[in-house]
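Here the structure is laid out as structure tokens; the discussion comes afterwards.
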Amino acid sequence: MAILVQGAPIQGSEDRLNTKVAAIVVSPMTDQEPAAPNRSTRVEHAQAPIKSQNEIPAVGPAPPAKLVEPTPTEAYREKSVIAYELSKLPFKTPRQLKVIMVGAGVSALSFAHDVKVGRLQNIELQILEKNAGLGGTWFENRYPGCACDIPSHNYLFSWAPNPDWSSYYVTAPEILKYLEDTTDKFDLRKYITLCRKVVGARWLAERQKWQIISRQTDGRRNAVSSFGISDGEVGEEIVDECDIFINASGFFNHWRWPALPGRESFKGTIVHSANYDPSIDLRNKRVAVIGNGSSGIQVTTAVQKVASHVSVFVRNPTYITANFGSKYIPDGGKDLLFSQEQKDLWRKDPQEYLRFRKAVEKELNIRFGTYIRGTPQQRYARETTVQDMRQRLASKPELAELLIPDFALGCRRPTPGTGYLEALCSPNCEVVWGELRQFTETGIESANGTKRDFDVIICATGFDISFVPRWSIIGSDNIDLRSSWAKNPACYMSCVAPDIPNYFTYLGPGSPVGAGSLITAIERVTLYISDILRKLQTENYSSFQLKAGKAEAYREHMHAWLEKTVWKDNCSSALKNGRRDAPLDALYPGSRAHLFELLKTRRYEDFDWVSRCPESELAFAWLNNGFLEHEYEYNDDFDDS
1 MAILVQGAPI QGSEDRLNTK VAAIVVSPMT DQEPAAPNRS TRVEHAQAPI
51 KSQNEIPAVG PAPPAKLVEP TPTEAYREKS VIAYELSKLP FKTPRQLKVI
101 MVGAGVSALS FAHDVKVGRL QNIELQILEK NAGLGGTWFE NRYPGCACDI
151 PSHNYLFSWA PNPDWSSYYV TAPEILKYLE DTTDKFDLRK YITLCRKVVG
201 ARWLAERQKW QIISRQTDGR RNAVSSFGIS DGEVGEEIVD ECDIFINASG
251 FFNHWRWPAL PGRESFKGTI VHSANYDPSI DLRNKRVAVI GNGSSGIQVT
301 TAVQKVASHV SVFVRNPTYI TANFGSKYIP DGGKDLLFSQ EQKDLWRKDP
351 QEYLRFRKAV EKELNIRFGT YIRGTPQQRY ARETTVQDMR QRLASKPELA
401 ELLIPDFALG CRRPTPGTGY LEALCSPNCE VVWGELRQFT ETGIESANGT
451 KRDFDVIICA TGFDISFVPR WSIIGSDNID LRSSWAKNPA CYMSCVAPDI
501 PNYFTYLGPG SPVGAGSLIT AIERVTLYIS DILRKLQTEN YSSFQLKAGK
551 AEAYREHMHA WLEKTVWKDN CSSALKNGRR DAPLDALYPG SRAHLFELLK
601 TRRYEDFDWV SRCPESELAF AWLNNGFLEH EYEYNDDFDD S
């Protein structure tokens, strides 16, 4: 009997080379499974049904080596070089694109991975990093106690799980090692150029290219990237061109000093937490910590253990919350370290490890209701947090009155702050409340005139999160994104800027920085960017640009929706760039799950696309030679379903 692979026997027509039909003789040993396909048994078309096993048909001539020998479209030869060359290629062949990215942190590694594994093909990728090492925020920030306050097993790439995290919250050195090891494991270093600082970018409309200007740095570990600052730059300007420009420089590295006079006059050691030197010896020193945001909380907790005396300068109340997803912390939330036994179990059972990660992620996502004003989750979270803070500050009840806010929980970024309140209650720590007047030669003078002397001052005063680029990015009609975003930081889907063709930014205005792991969000943005680039590559476009008014309309919706959130409450917050009344440009108008679903909605109609063949009669030259690549060869994988 004959078993036909993919389809029923077909009578008649001799022209069946592209039909998904082939006859295979069944071994007389069994009528359950056909013998393995053999090219010598193939025929050009299906034979008539065979009445018995003994009636084996004669084998016809072998098929040609190729099913298809495509030829170019001669009508295009004289009309367009581009159209004619496209007609030689199979459908959906991606054209080569050169992509230049700024910054070798998490975002760049996410995109580089897409290129390396072939999700994006025919890409020449160059990542320019101003510092002497990769890792971005986790390379630069080395202050005492620096750690991630998102559960570690949710702060990783989905394609690089790490069952060996030591703790529920991991330190900066451990995160940096993870990023470095992941880079090496997936061979991503080949895309990265270190000690190259981008200082300008301009869209060349006539060439449909980006011109990127950079400077070599002198090898210093951390090179400052700030408009007008050239410290560490050496040599001549380096000019590159590319098709796509991606800004992955982040916003947790443009640090902000306290707006106080006299900083240069201080005779001791003064440092910003974002540019900390780990060689500073704090043992038996009088240390000042300015700030009680996320960095200040971690610095204070670590420094109090080694310094002889710590003065913490605070001017804003803040909530210190329970650990996020605490029911998944070892020993009922008491022990943040994972046992070797637990790590071994996850390594041996990846599915169990994945279930754990999903459970913690679900717990974090559920918390989003806390940020909506007036919800039961908001009321419950505030009540339990206030009760917990009062208990932990029982030895210094006056601190509870100062530190516990009257605004809603979440207006400022909630911080677990393990050990922080206990540090404030310790004998060698004082909390200094109120405004500061100036730095002095020996320390700090408060607004009320009180002077305190210190050996070391650590300024944990945060970052400039205005989203204004630190170099000129000049797009269509000579529009500089620095100027337009200084007035109106409108951004579409958190990653596309108006008036700037072939440009993306990671963690732009409207990103989900208020809740959950940013790495997960970064991966979704990478998928979004990759799909747009694939369309550019395969449909004969040279550029895309957001349609006029789209980013502004998106920003209007964003602000309207965010009115209902506690982020809008009257508090000074990093999410509002350190102000009380600033627009909420940093935050996404919805949950993380909502954003992830939105990013699947490509909405290509929101863009203007420029064809490489502007003539109307060549609008479909991107259909190429009329064949798919896998149609060329006669093989068992052919499938047009």
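FYI, the numbering for the sequence shown is 1 to 641, going by UniProt numbering.
Built from N, CA and C at the ideal position, the CB exists for glycine as well.
Note that the structure is a prediction, hence the values are computed from the model and not measured.
Member of the options whose CA lies at the smallest distance from the CA of residue i
i    : options                   : result
P583 : A593, T601 and L562       : L562
S543 : K535, G549 and K550       : K535
A551 : R263, F596, P489 and G443 : P489
P72  : P61, V81 and K88          : K88
T538 : G136, S611 and L336       : S611
P416 : I320, A400 and P397       : I320
T418 : V170, G369 and V106       : V170
S426 : V303, L125 and W165       : V303
L194 : R221, C571 and D531       : R221
G293 : R437, V314 and A223       : V314
L436 : T384, A521 and N316       : N316
S573 : G410, T269 and L188       : G410
Under the three-state DSSP convention, the category residue i falls into
i           : result
F627        : coil
F368        : helix
E633        : strand
G296        : helix
T73         : coil
L337        : strand
V310        : strand
W255        : strand
T217        : strand
K576        : helix
F463        : strand
F620        : coil
T318        : coil
residue 670 : This structure does not reach residue 670, given that the chain is present from 1 up to 641, and the question cannot be answered.
A302        : helix
D477        : helix
V26         : Bear in mind that a pLDDT of 31 at V26, under 50, signals an unreliable position, so the number given afterwards is only what the model happens to contain. V26 falls in the coil class under three-state DSSP.
E44         : Residue placement at E44 is poorly supported in this model, since its pLDDT is 37, which falls under 50; the coordinates still yield a value, given next. In the structure shown, E44 sits in coil (DSSP, three-state: anything other than H, G, I, E or B).
F407        : coil
V496        : strand
Y328        : helix
Proximity of residue i and residue j at Cβ, strictly below 7 Å
i    : j    : result
G514 : L598 : no
I192 : E129 : yes
N154 : Y178 : no
A288 : I150 : no
R256 : F463 : yes
R482 : P469 : yes
T370 : A381 : yes
I212 : I290 : no
H113 : F227 : no
A447 : A248 : no
W203 : G443 : no
F607 : L518 : no
E241 : K209 : yes
L134 : A160 : no
S311 : E441 : no
C571 : R413 : no
L628 : F91  : yes
Residue i beta carbon near the ligand SAH (any heavy atom closer than 6 Å)
i    : result
L599 : Among the components of this structure there are no ligands whatsoever, and the ligand SAH is therefore not found.
Where the alpha helix (DSSP H) through residue i begins and ends
i    : result
V106 : V106 to K116
L128 : It is not in any alpha helix (DSSP H) - L128 instead sits in the beta strand (DSSP E) that spans I123 to L128.
E422 : Y420 to L424
D388 : P376 to R392
E401 : P397 to L403
R286 : That residue, R286, is in no alpha helix (DSSP H); its beta strand (DSSP E) goes R286 to I290.
I82  : V81 to L86
R555 : K550 to L562
W159 : Looking at the DSSP string, W159 is not in any alpha helix (DSSP H), and its letter there is neither H nor E.
L595 : R592 to L599
F139 : T137 to E140
Range of the contiguous beta strand (DSSP E) that encloses residue i
i           : result
S483        : Taken as a continuous stretch (DSSP letters only), S483 belongs to no beta strand (DSSP E), being part of the alpha helix (DSSP H) at L481 to K487.
T269        : T269 to H272
residue 643 : The shown model of the chain, from 1 to 641, leaves out residue 643, and the question about it has no answer.
V610        : F607 to S611
E445        : G443 to S446
R119        : No beta strand (DSSP E) holds R119; DSSP gives it neither H nor E.
R452        : K451 to D453
Suppose only complete runs of 4+ residues qualify. What are the alpha helix (DSSP H) ranges in the segment 505-542, listed by chain order? Secondary structure remark: continuous alpha helix (DSSP H) runs of at least 4 residues inside the segment 505-542, in chain order: 518-538.
Segments of 4+ residues assigned as alpha helix (DSSP H) that fall wholly inside the segment 170-246: Complete alpha helix (DSSP H) runs here, min 4: 172-185.
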